[in-house]
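In our numbering, the protein residues as written are 469 to 604. Don't be surprised by glycine CBs; every beta carbon is placed ideally from N, CA and C. From a predicted model like this one, the values you see are computed outputs, not experimental measurements. Below: one structure, written as structure tokens.
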Ligand SMILES: [Zn+2]
């Protein structure tokens, strides 16, 4: 299967979270009682170019091996077609309605036979019918 759609894609919001957590922890290691300054330091580090680049590289490495999904910037459904079945990846916006997702319902009806082409594709519905789009 292809993981190309994940390589190097890291949501900016995820980098913010990681930088804040690491910077805060580093500050508190030296000044355990000073949580106010630790928070200020964490906010400063969010806009620190080199530090941010390091953190982006860490997250991109995790994303490249499938340990971190770029959910914040993914706005479409992705379907992974394998010889032994399929898996639907929902965008973050779909999470509140996951169990009634119409893309999932349409895919369940449509994907009943082994696919002719394997890989990861954008997908959605058109008038209730399951539609497979561009490869990722
Ligand atoms: Zn969905």
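Any non-hydrogen atom of ligand 1 within 6 Å of residue i CB
i	result
residue 562	yes
residue 599	no
residue 547	no
residue 569	yes
Per-residue burial, residue i [other beta carbons within 10 Å of its own, 16 or more giving buried]
i	result
residue 533	exposed
residue 550	exposed
residue 648	Because the chain in this structure spans residues 469 to 604, residue 648 falls outside the shown range and cannot be described.
residue 574	buried
residue 567	exposed
residue 474	Caution applies to residue 474, whose pLDDT of 40 falls short of 50 and renders its modelled position unreliable; the value that the coordinates give is listed next. Under this definition residue 474 is a buried residue.
residue 563	exposed
residue 495	buried
Practice task
Report the residue ranges of all alpha helix (DSSP H) runs contained in full by the region 513 to 557; include only those spanning at least 4 residues, in chain order.
Solution key: 517 to 532
Practice task
Please determine if the region 594 to 604 and the region 568 to 585 are in contact, where contact requires at least 3 C-beta pairs separated by less than 8 Å.
Solution key: yes
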